Every structure is written in C-alpha cells, then in structure tokens.
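Q: In the numbering used here, the protein residues as written are 1 to 171.
Don't be surprised by glycine CBs; every beta carbon is placed ideally from N, CA and C.
Since this is a predicted model, take the numbers as computed values, not measurements.
#1: My understanding is that residue 125 touches residue 86, with C-beta atoms under 8 Å, so please give their C-beta distance in whole angstroms.
#2: Could you tell me if residue 134 is buried or exposed, where buried requires 16 or more neighbouring beta carbons within 10 angstroms of its beta carbon?
#3: Helix, strand or coil for residue 167 per DSSP?
#4: Let me make sure I understand the geometry here. Which of 165, 140 and 119 has the alpha-carbon closest to that of residue 151?
#5: Taking DSSP as the reference, what is the three-state secondary structure of residue 191?
#6: Only counting runs of 3 or more residues, tell me where the beta strand (DSSP E) segments fall wholly within the stretch 88-157, in order along the chain.
#7: In this structure, how does DSSP classify residue 77 when only helix, strand and coil are distinguished?
#8: Buried or exposed: where does residue 22 fall if 16 or more other Cβ atoms within 10 Å of its Cβ makes it buried?
#9: Beta-carbon separation of residue 154 and residue 24 under 9 Å?
#10: Out of curiosity, what's the CA-to-CA distance linking residue 73 and residue 103?
#11: Given 8 Å as the limit, is there contact between the stretch 97-117 and the stretch 137-147, that is, 3 or more CB pairs closer than that?
#12: Tell me whether the stretch 50-62 and the stretch 158-167 touch, counting them as touching only if at least three CB pairs, one residue from each stretch, are closer than 8 Å.
#13: What are the start and end residues of each continuous beta strand (DSSP E) run of 3 or more residues lying completely inside the stretch 9-60, in chain order?
#14: Between the C-alpha atoms of residue 36 and residue 28, what's the straight-line distance to the nearest angstrom?
#15: Please name the residue in 91, 123, 94 and 61 whose C-alpha comes closest to that of residue 32.
#16: Evaluate residue 47 with the Cβ neighbour count: other Cβ atoms within 10 Å of its Cβ, from every protein chain shown; 16 or more gives buried, anything less gives exposed.
#17: Checking 9 Å against the spacing of the C-beta atoms, do residue 79 and residue 50 come in under that value?
#18: Rounded to the nearest angstrom, how far is the Cβ of residue 136 from that of residue 98, given a contact under 8 Å?
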C-alpha cells in the first residue's frame, strides 16, 4: 500500500463514483447502515465510515456531476468503486459513463489503484458483464479491475464486492 503524507494510515479512503442515478448513495447506505434509505441527488459528496475485515474504510460518495474535475476528492485514495446502472440501455448514458470513468482514471492519483466496477440494479439488469467490459473498454485500463453484479438493496452482494476491493488495496 502506498504511503501518503498527511493521511491517516489506519483509514482506507475509497471514492465511490458513477453517473447520477446509478445507485451510489443507496448502495453506500445499505452497506454502512444496513437499511434502505430515501436518497436525493448528491450535491458535493457524502462521507461515511465502516469497519470491515479489521480495516476502517472511509467512503467518499461523490455526486454524479462533481467527479472528474474535483482533484481534492482523490488525495490519499486507496481504491475506487465505479457504479454502473446496468439497467441503463440508453447509448448516451453509457457513453457519458464511459467518458467519466476514463476521465476519472486519467487523474495521476488514481491511475494504479484497484477499480471495482459494480453493475448495480442486477435484479433488473439489461447489460451483461461482457457488454460492460466492452462498452467501458476496461481491458485497456492500467488499473487492476473487477466487475461484480450487485443490487444496492442486497447488502450481501455489496459486501462480497467490497471484499475484492479490500484484498486488492493491500497488493
């Protein structure tokens, strides 16, 4: 794990990104609070912490319109969760999500971090993992990445996805 001046070594900062309406906030609150909550579009960011596998995880849920150009959000980040609405079949939304992901990963602080792509809304999905890999050009990334189908309403699926990220943040 790379060191970072001015950062608490006992916490692991994870940025949670994706288009507005993809389920970032719902997924985070299901994970942290173990309950469904009524969410609203995130303005700026939400910050939540969770003890998981003897680690303190600090989640920065960044609003859909605040991501690529907000460099201060990414300082000392250890992992990335990019949430894709897998029920989305609108080409423009998929293209925008792909552009956002690649712009995000163009940030030097994020280039080599583990990337967990969560294909959210798996219970009503239209996109397959292979389609997401192709549409998002994941094989071209320098990051170690993994794609997992989840439902923000199913805490177990989110925890299993998080296990992969936690393991890979230590590599």
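A: Straight from the coordinates:
#1: Counting from one through the chain shown, the residue named residue 125 turns up at place 125. Counting from one through the chain shown, the residue named residue 86 turns up at place 86. Yes, they are in contact, since the Cβ atoms of residue 125 and residue 86 sit about 4 Å apart, within 8 Å.
#2: Along the chain shown, one-based indexing puts residue 134 at 134. With fewer than 16 Cβ atoms within 10 Å of its Cβ, residue 134 is classed as exposed.
#3: Residue 167 sits at position 167 when you count from the first residue of the chain shown. Residue 167 falls in the helix class under three-state DSSP.
#4: Indexing the chain shown from 1 puts residue 151 at position 151. Comparing Cα positions, the closest option is 119.
#5: No statement about residue 191 is possible, as the shown extent of the chain runs from 1 to 171 and does not include it.
#6: 115-120 and 145-149
#7: For the purposes of this step, residue 77 is taken as the residue at position 77 of the chain shown. Residue state, collapsed to three classes: strand.
#8: Reading the chain shown from its first residue, position 22 is the one you call residue 22. Residue 22 is buried by the Cβ-count criterion.
#9: As a first step, residue 154 is located in the chain shown; it is residue number 154 there, counting from the start. As a first step, residue 24 is located in the chain shown; it is residue number 24 there, counting from the start. Cβ atoms of residue 154 and residue 24: not closer than 9 Å.
#10: Locating residue 73 in the chain shown gives position 73, where the first residue counts as 1. Locating residue 103 in the chain shown gives position 103, where the first residue counts as 1. Taking the straight line joining both Cα atoms gives about 14 Å.
#11: yes
#12: yes
#13: 11-18 and 45-52
#14: Position 36 of the chain shown, counted from the first residue, corresponds to residue 36. Position 28 of the chain shown, counted from the first residue, corresponds to residue 28. Approximately 10 Å, taken between the alpha carbons.
#15: What you label residue 32 is simply residue 32 of the chain shown in a count that begins at 1. The option with the nearest alpha carbon to residue 32 is 61.
#16: The sequence position of residue 47 within the chain shown is 47, counting from 1. Flag for residue 47 reads exposed.
#17: As a first step, residue 79 must be located in the chain shown, where it is residue number 79. As a first step, residue 50 must be located in the chain shown, where it is residue number 50. Not in contact: residue 79 and residue 50 (Cβ atoms no closer than 9 Å).
#18: Sequence index remark: in the chain shown, residue 136 carries index 136 (1-based). Sequence index remark: in the chain shown, residue 98 carries index 98 (1-based). The Cβ separation is near 5 Å, so the contact holds.
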